[in-house]
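Below is one structure; the comments refer to it alone.
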Amino acid sequence: MASSFRIRPAVSADGVFLGDMVVEAANWRQGGAKPRHEVIGGTDHRRYVAGWMRPGDAGFIAEDANGEPVGAAWYRMLPRDDPGFGYVGTGVPELIIGVRPIWRAHGVGRALLQRLCEHAGAQGFARISLSVERDNFASTLYRSEGFAVTQSGSGRDTMVKRLR
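All the letters of the sequence shown, read from the start, carry residue numbers 2 to 165 under our numbering.
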């Protein structure tokens with residue numbers, strides 16, 4: 002399955018799918034699924050997709066061989082007065098990533114993460130941040146891609162990667 006996906010830039014019409022991927026990211030634990038309306042309707046997660054695609058937003062979509070989206074990684078510039086979970090400062094984009102469960106552990110997340118970080122660096126960003134719950138298996142992926150914990154909170158870590 003790992004070789005049967007492609008990555009394309011996200012466009013404004015991908016907003017609904019990005020919402021789906023926020024839900025996947027929030028519901029990464031087996032059996033602990035919150036309904037979509039609860040995740041997207043809450044202020045904690047709405048900020049990651051509301052008004053997609055604003056100036057400064059960028060992202061990538063992974064699609065299977067049939068063109069169906071299976072994962073996404075994107076970043077937003079969030080303001081100090083409405084920070085995300087992984088906010089570290091003005092001028093540092095915060096990334097969000099979600100992959101459909103059946104596609105996890107097949108290289109989709111890594112490919113999306115690498116492509117997004119390359120893009121952010123090419124756009125002139127020196128760093129990129131994210132937030133991950135401490136027991137989420139994805140933290141191993143982030144560490145292997147050069148992210149380091151910069152802040153620890155209650156059950157979650159903020160991680161930053163230097164891009165240049």
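We put the beta carbon where it would ideally sit given N, CA and C, even for glycine. All values derive from a computational prediction rather than experimental measurement.
Okay, do the region 152-159 and the region 109-124 touch, 3+ Cβ pairs below 8 Å being the bar? no
Nearest-angstrom Cα distance between Val12 and Met54? Start at 1 with the first residue of the sequence shown, and residue 12 comes out as number 11. Start at 1 with the first residue of the sequence shown, and residue 54 comes out as number 53. If you take the alpha carbons of Val12 and Met54, they lie about 7 Å apart.
Starting from the C-beta of Pro10, find all residues in its chain whose C-beta is less than 7 Å away, skip the five residues before and the five after it, and write them out in chain order. Mapped onto the sequence shown, residue 10 falls at position 9. For Pro10, where only same-chain residues beyond five positions count, the Cβ hits under 7 Å are Phe61.
How would you label Asp45, buried or exposed, when you count the other beta carbons within 10 angstroms and need 16 or more for buried? In the sequence shown, counting from the first residue as 1, residue 45 sits at position 44. Flag for Asp45 reads exposed.
What residue from Gly68, Arg77, Gly72 has the CA that sits closest to Arg48's CA? For the purposes of this step, residue 48 is taken as residue 47 along the sequence shown, with counting starting at 1. Ranking the options by Cα distance to Arg48, first place goes to Arg77.
Could you name the residues of the same chain whose beta carbon sits closer than 6 Å to that of Ser140, not counting the 5 residues immediately before and after it, in chain order? Numbered from its first residue, the sequence shown carries residue 140 at position 139. Closer than 6 Å at the Cβ level, and outside the excluded window around Ser140, lie Val133.
Report yes if the CB atom of Ala73 is closer than 8 Å to the CB atom of Phe18, and no otherwise. By 1-based counting over the sequence shown, the position of residue 73 is 72. By 1-based counting over the sequence shown, the position of residue 18 is 17. The answer is yes: Cβ separation under 8 Å.
Since Leu164 and Ala127 should fall inside the 8 Å C-beta cutoff, what is the C-beta to C-beta distance between them, to a whole number of angstroms? Within the sequence shown, the letter at position 163 stands for residue 164. Within the sequence shown, the letter at position 126 stands for residue 127. So it is a contact: roughly 6 Å between Cβ atoms.
Who are the near neighbours of Ile41 in its chain, counting only those whose CB is closer than 8 Å to its CB and skipping five residues on each side? The residue you call residue 41 lines up with position 40 of the sequence shown. Here the set comprises Gly20, Val23, Val24, Arg47, Val50.
Whose CA, out of Ala34, Asp82, Asp15, lies closest to the CA of Pro102? Position 101 of the sequence shown, counting from 1, holds the residue named residue 102. Residue Ala34 is the option with its Cα nearest to Pro102.
Looking at C-alpha atoms only, which residue of Glu119, Ala149, Ala106, Ile8 is the closest neighbour of Ser130? Taking the first residue of the sequence shown as position 1, residue 130 is located at position 129. For the residues Glu119, Ala149, Ala106, Ile8, the minimum Cα distance to Ser130 belongs to Ala149.
Using CA atoms only, rank isn't needed, just tell me which of Ser5, Gly108, Gly92, Thr91 is closest to Gly99. For the purposes of this step, residue 99 is taken as the residue at position 98 of the sequence shown. Of Ser5, Gly108, Gly92, Thr91, the residue nearest in Cα terms is Gly108.
Tell me the rounded alpha-carbon separation between Asn67 and Gly147. Taking the first residue of the sequence shown as 1, we reach residue 67 at position 66. Taking the first residue of the sequence shown as 1, we reach residue 147 at position 146. Each residue's Cα considered, the two are about 32 Å apart.
Could you please give me the residues that DSSP links to Thr141 through a beta bridge? To locate residue 141, count along the sequence shown from 1; it is residue 140. Answer by DSSP bridge pairing: none, since Thr141 is not bridged.
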